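The structure appears right after this line, and notes come after that.
Residue numbers (the working numbering): 1 to 123.
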C-alpha cells in the first residue's frame, strides 16, 4: 500500500512539474497579436500612426520601434506615452511611397526580449 501511495505522489509531482514548465513557456515571450499598419498592408503617407499590441505587459521604456526602408536605412521612432501596458504606439512622419518594415524589440514583464518585423507599403 505504501508503494501505491509513493507511486501516486511521484505521478502527481511529475504532472505538476510539467504544468509549471508549460505555463512558464507560455509566458516566456511577448507575442505580437495586432498591429497598425497590419502586415503586408498599404497605407497612405506622409504621416503614419503606428500601434503594436502584445499578448503580455511590456516595458515601454526599454522597447524600440524602427522604421526600416527598402534599402535598409533605419530610423528610430519615438514611442508615445499613455498607452495600455501591452501596447506601444508611435508616429512616423515624412513617409514617402515605397516598401517599409517596422522593426520592433520589446522587453516583456518577465524579462524576456522579443523582436519582430511588420512589413508594409506606403503610397
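Don't be surprised by glycine CBs; every beta carbon is placed ideally from N, CA and C.
Quick caveat, the model's predicted, so the values are computed rather than measured.
Contact between the segment 41-52 and the segment 114-122 is established, with three or more Cβ pairs separated by less than 8 Å.
Residue 62 carries a helical assignment under DSSP once its states are collapsed to helix, strand and coil.
DSSP places residue 85 outside both helix and strand once states are collapsed to three, so it counts as coil.
DSSP places residue 45 outside any beta strand (DSSP E), giving it a letter other than H or E. C-alpha of residue 33 to C-alpha of residue 74: approximately 23 Å in a straight line.
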